[in-house]
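K.L.:
Got a structure here, written out as structure tokens. Questions coming.
Number of protein chains: 2
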Amino acid sequence: MPKKDKHKPSPPSVRDALRVPVGAPVDLSSYAADATPLGPRDKERGVAATALLADPLAGLQERLYAASTAGDHRRLLLVLQGMDTSGKGGTVKHVIGLFNPSGCRIRAFKAPTEEERAHSFLWRITKALPEAGEIGIFDRSHYEDVLIGRVRELAPPQEIERRYDQINNFERSLTDSGVTIVKVFLHISYEKQQQRLLERLDNPEKYWKFNPGDIEERALWPAYQEAYEIALERCSTPAAPWYLVPADRKWYRNWAISSLLLEHLTALDPQYPKADFDIEECRRRLLAEAPDVTAG
Amino acid sequence: MPKKDKHKPSPPSVRDALRVPVGAPVDLSSYAADATPLGPRDKERGVAATALLADPLAGLQERLYAASTAGDHRRLLLVLQGMDTSGKGGTVKHVIGLFNPSGCRIRAFKAPTEEERAHSFLWRITKALPEAGEIGIFDRSHYEDVLIGRVRELAPPQEIERRYDQINNFERSLTDSGVTIVKVFLHISYEKQQQRLLERLDNPEKYWKFNPGDIEERALWPAYQEAYEIALERCSTPAAPWYLVPADRKWYRNWAISSLLLEHLTALDPQYPKADFDIEECRRRLLAEAPDVTAG
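Residue numbers (my numbering), protein chains in the order written: chain A, 1 to 296; chain B, 1001 to 1296.
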């Protein structure tokens, strides 16, 4: 074989294309929110390509779950973060909807309750983790405590500072115990958020998704972008990197996150367990039964 | 209007066709497990008809959830019971898979843990109930405590006897508080179970679903059928009737349960809430913003 083949690069992966570099400064303004890295060229192709991922995703999910029945402790946790209207809920509907719901554990984190505030910020997170074989989905997460927590000064600055390391240690303990963490930042533009908020005001079936408080949060856009930059920079680790998904185009967002999940599940390569019983004996016992015990 | 029109019967509903009569003896042998009451005529039509229910189901689910954000406490609880291989898991995959997963709360009940056994049999059930606006799904339920509980004599006979009334009182308290309970017994034949168990032994990707203990449970088929007859007879109440779904044909099972859910959700008629804010003022505020706070 010629030498150059030995060093042939792997085909480009969505993971490589979207991973936030570890240990480097993050400048969100350098990422176009309407970009489509590695993705299909238009909506029609994007929707079709995502539909083709449904069967492989569901198949890998079943293997992951099946493996857990034989002692495989591995599981996957998808963390979704992003500004209002960035498509966290839409991702759950369109991407997680491709999986068997019985193997998914979904949790949306709102403002913490009084009981939750009385504990460490990681307490409620720990309780919502997926079990072995499951796919966990966090719609918002512990990162809120360094995002709105930082922007709204919900805790003293030193406390906020400590949390980045606490998050990294926490996530490292998860990956050490068999959790594959896929952290996705849904990156939308300021203009796209305005458009989506106005759409909610134009459609009576979307009023319930609108909260006037969203306008006040939007006024803090630069502070939130900075808080995201710090979180992505300090918490994109080798064990649990962040992925930045341009999310102005919903079809690209769905394709990219489906592809990220597919690549991670494929790398896990979960296996159906072997039979831990005597197959032939069980077959004989079933076939040797009276034809119908219910008769007579 | 001629008198007969006033008394024109409603079009036949799946609810009416499958409901277990309240207060009457139940003889399971009188129900064919391969019947298709009110249903499409064959698999091709059945699969197509079920696919057509996906959009209406997801639409009603969104309305139910949206209504809960404005104080509507209503929710739906689907209870799935049936012998091994009757298709409880398949129902979750194919029917619940039609919904937005973020509004579904799924719980599979296994043999109770030590902690669960130390409480009333309804304790773990109560903890798994859906929240307002959600669709809850129980794969097995409190009925196991009068099914395997009765057949395997896991509690004294007087205790088992008391449970039927406890269940009826419990379910009545749920319906009184806004829970629509849809209890489905998946009725399969003894021969179909043998066939499905043998299929699991023939397919290495299904070994993990097989347990030799299933053969021992199967030997108690008549006792289980009797326990089901008693449970259906004593716990099919006006507030929470049982539905008997012939389940030898998977495509009919999926169509029938989808149709049952659609009829119940349609009857609830959940409504998108009105705006509780000034729409015009919010629109003005959004449009009056600086074009892009992120610039410069």
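Glycine residues also receive a C-beta, built at the ideal position from the N, C-alpha and C atoms.
Predicted model, so just to flag it, every value in this text is computed and none were measured.
#1: Is the beta carbon of L268 of chain A less than 8 Å from the beta carbon of T126 of chain A?
#2: Report yes or no: is there a C-beta of chain B within less than 8 Å of the C-beta of Y243 of chain A?
#3: Helix, strand or coil for H1094 of chain B? Go by DSSP, reduced to three states.
#4: Apart from the five residues on each side of it in sequence, which residues of its chain come closer than 6 Å, Cβ to Cβ, to A1223 of chain B?
#5: Taking the C-alpha atoms as reference points, what is the distance between Q81 of chain A and V1092 of chain B?
#6: Measure from the alpha carbon of T1266 of chain B to the alpha carbon of each residue in B:R1074, B:D1034, B:K1183, then state which is nearest.
#7: The alpha helix (DSSP H) that contains Q271 of chain A, what's its start and end?
#8: Can you tell which of A:P40, A:G178, A:H264 has its C-alpha closest to the C-alpha of Y252 of chain A?
#9: Which first and last residues belong to the alpha helix (DSSP H) in which R15 of chain A is found?
#10: Exposed or buried, G1296 of chain B, counting other C-beta atoms within 10 Å across all chains shown (16 or more means buried)?
#11: Between which two residues does the beta strand (DSSP E) holding F1138 of chain B run?
#12: Count the other C-beta atoms from every protein chain shown that fall within 10 angstroms of the C-beta of R1045 of chain B, then say buried if there are 16 or more, exposed otherwise.
#13: Using only the alpha-carbon positions, how far apart do G97 of chain A and G1089 of chain B sit?
#14: Which value, in whole angstroms, describes the spacing of the CA atoms of R1249 of chain B and N100 of chain A?
#15: Evaluate V1185 of chain B with the Cβ neighbour count: other Cβ atoms within 10 Å of its Cβ, from every protein chain shown; 16 or more gives buried, anything less gives exposed.
#16: Looking at chain A, is there any beta carbon in it that lies within less than 8 Å of the beta carbon of E1144 of chain B?
#17: For Y1190 of chain B, collect the residues of the same chain with a Cβ closer than 7 Å to its Cβ; drop the 5 residues on either side in sequence, then sort them by chain order.
#18: Measure the C-alpha to C-alpha separation of P2 of chain A and L38 of chain A and round it to an integer number of angstroms.
#19: Do P241 of chain A and V20 of chain A count as a contact pair if the criterion is CB distance below 8 Å?
#20: Given a limit of 9 Å on CB to CB distance, which residues of the stretch 115–143 of chain A reach chain B?
#21: In chain A, what lies closer than 8 Å to N1100 of chain B by C-beta?
#22: Check the DSSP bridge columns for V184 of chain A and list the partner residues they point to.
#23: Give me the Cα-Cα distance between D953 of chain B and R63 of chain A, rounded to the nearest whole angstrom.
#24: Compute the beta-carbon to beta-carbon distance between V182 of chain A and L18 of chain A, rounded to the nearest angstrom, for a pair I have assumed lies under 8 Å.
#25: What residue range does the alpha helix (DSSP H) around R1249 of chain B cover?
#26: Could you tell me whether the Cβ of A1033 of chain B comes closer than 8 Å to any Cβ of chain A?
#27: Since P204 of chain A meets chain B, which of its residues come closer than 7 Å, beta carbon to beta carbon?
#28: Pick out whichever of A:S86, A:L154, A:I106 has its Cα sitting closest to the Cα of P112 of chain A.
#29: Let me know if L60 of chain A comes out buried or exposed under the rule of 16 or more other beta-carbons within 10 Å of its beta-carbon.
#30: Along the chain, where does the beta strand (DSSP E) containing A108 of chain A start, and where does it finish?
#31: Quick check: what's the CA-CA separation for D72 of chain A versus R172 of chain A?
#32: Note down, in chain order, every chain A residue with its Cβ under 9 Å from the Cβ of F1277 of chain B.
#33: With DSSP as the reference, label R75 of chain A as helix, strand or coil.
#34: Just to confirm before moving on: does the CB-CB distance between E1116 of chain B and R1107 of chain B stay below 8 Å?
P.N.:
According to the structure shown:
#1: To locate residue 268 of chain A, count along the first sequence from 1; it is residue 268. To locate residue 126 of chain A, count along the first sequence from 1; it is residue 126. With contacts defined by Cβ atoms closer than 8 Å, L268 of chain A and T126 of chain A do not form a contacting pair.
#2: In the first sequence, the residue the question calls residue 243 of chain A occupies position 243. Chain B, which has no Cβ nearer than 8 Å to the Cβ of Y243 of chain A, makes this no.
#3: The residue you call residue 1094 of chain B lines up with position 94 of the second sequence. H1094 of chain B falls in the helix class under three-state DSSP.
#4: As a first step, residue 1223 of chain B is located in the second sequence; it is residue number 223 there, counting from the start. Excluding residues within five positions, the ones whose Cβ falls inside 6 Å are V1151.
#5: Locating residue 81 of chain A in the first sequence gives position 81, counting from the first residue. Locating residue 1092 of chain B in the second sequence gives position 92, counting from the first residue. Cα-Cα distance, rounded: 28 Å.
#6: In the second sequence, residue 1266 of chain B corresponds to position 266, counting from 1. When only C-alpha atoms are compared, the closest one is B:R1074.
#7: As a working mapping, residue 271 of chain A is identified with position 271 in the first sequence. Element bounds for Q271 of chain A: n/a, residue is neither H nor E.
#8: Here residue 252 of chain A refers to the residue found at position 252 of the first sequence. Closest in C-alpha terms to Y252 of chain A, from the list A:P40, A:G178, A:H264, comes A:P40.
#9: Your numbering for residue 15 of chain A matches position 15 in the first sequence. Following the DSSP letters along the chain, one finds R15 of chain A inside the alpha helix (DSSP H) bounded by residues 14–18.
#10: Residue numbering aside, residue 1296 of chain B sits at position 296 when the second sequence is read from its first letter. Residue placement at G1296 of chain B is flagged as unreliable, the pLDDT there being 38, under the threshold of 50; the coordinate-derived value follows with that caveat. Exposed, since its Cβ has fewer than 16 Cβ neighbours within 10 Å.
#11: As a working mapping, residue 1138 of chain B is identified with position 138 in the second sequence. If you look at F1138 of chain B, you'll find it in the beta strand (DSSP E) that goes 1135–1139.
#12: The residue labelled residue 1045 of chain B in the question sits at position 45 within the second sequence. The residue is exposed, with fewer than 16 neighbouring Cβ atoms inside 10 Å.
#13: Within the first sequence, numbered from 1, the residue matching residue 97 of chain A stands at position 97. Within the second sequence, numbered from 1, the residue matching residue 1089 of chain B stands at position 89. Approximately 16 Å between the Cα atoms of the pair.
#14: The residue given as residue 1249 of chain B occupies position 249 in the second sequence. The residue given as residue 100 of chain A occupies position 100 in the first sequence. The alpha-carbon atoms of R1249 of chain B and N100 of chain A are separated by roughly 20 Å.
#15: The count along the second sequence starts at 1 and reaches residue 1185 of chain B at position 185. It is worth fixing the name first, because residue 1185 of chain B is Phe in this sequence and not Val. It counts as buried.
#16: Your numbering for residue 1144 of chain B matches position 144 in the second sequence. False, the Cβ-Cβ gap to chain A never drops below 8 Å.
#17: For this step, residue 1190 of chain B is matched to residue 190 along the second sequence. Around Y1190 of chain B: W1221.
#18: Against the first sequence, residue 2 of chain A aligns to sequence position 2. Against the first sequence, residue 38 of chain A aligns to sequence position 38. Bear in mind that the predicted position of P2 of chain A carries a pLDDT of just 48, short of 50, making it unreliable; the figure below should be weighed with that in mind. Rounded to whole angstroms, the separation of the alpha carbons of L38 of chain A and P2 of chain A is 29 Å.
#19: In the first sequence, counting from the first residue as 1, residue 20 of chain A sits at position 20. In the first sequence, counting from the first residue as 1, residue 241 of chain A sits at position 241. In contact: V20 of chain A and P241 of chain A (Cβ atoms closer than 8 Å).
#20: Within the stretch 115–143 of chain A, the qualifying residues are I137, D139.
#21: Numbered from its first residue, the second sequence carries residue 1100 of chain B at position 100. Those are V92, K93, G97, listed as they occur along chain A.
#22: If you number the first sequence from 1, residue 184 of chain A lands on position 184. Paired residue(s): A:L80, A:Y243.
#23: As shown, chain B starts at 1001 and ends at 1296. That puts residue 953 of chain B outside it, with no answer to give.
#24: Translated into positions along the first sequence, residue 182 of chain A becomes position 182. Translated into positions along the first sequence, residue 18 of chain A becomes position 18. The Cβ separation is near 10 Å, so there is no contact.
#25: By one-based count along the second sequence, residue 1249 of chain B stands at place 249. First-last for R1249 of chain B: undefined, no H or E at that position.
#26: Within the second sequence, numbered from 1, the residue matching residue 1033 of chain B stands at position 33. For A1033 of chain B, the answer is no, since every Cβ of chain A falls outside 8 Å of its Cβ.
#27: Here residue 204 of chain A is taken as the residue at index 204 of the first sequence, counted from 1. Using a Cβ-Cβ cut-off of 7 Å, P204 of chain A is close to Y1272 of chain B, given in chain order.
#28: What you label residue 112 of chain A is simply residue 112 of the first sequence in a count that begins at 1. Measuring from the Cα of P112 of chain A, the nearest candidate turns out to be A:L154.
#29: Position 60 of the first sequence, counted from the start, is the residue given in the question as residue 60 of chain A. Flag for L60 of chain A reads buried.
#30: Position 108 of the first sequence, counting from 1, holds the residue named residue 108 of chain A. Looking at the DSSP string, the run of the beta strand (DSSP E) that includes A108 of chain A is 104–108.
#31: Working through the first sequence from its first residue, we reach residue 72 of chain A at position 72. Working through the first sequence from its first residue, we reach residue 172 of chain A at position 172. If you take the alpha carbons of D72 of chain A and R172 of chain A, they lie about 19 Å apart.
#32: On the second sequence, position 277 is the one that residue 1277 of chain B refers to. Here the neighbours are Y207, F210, N211, P212.
#33: What you label residue 75 of chain A is simply residue 75 of the first sequence in a count that begins at 1. Strand, per DSSP.
#34: Looking up residue 1116 of chain B in the second sequence gives position 116. Looking up residue 1107 of chain B in the second sequence gives position 107. The answer is no: Cβ separation not under 8 Å.
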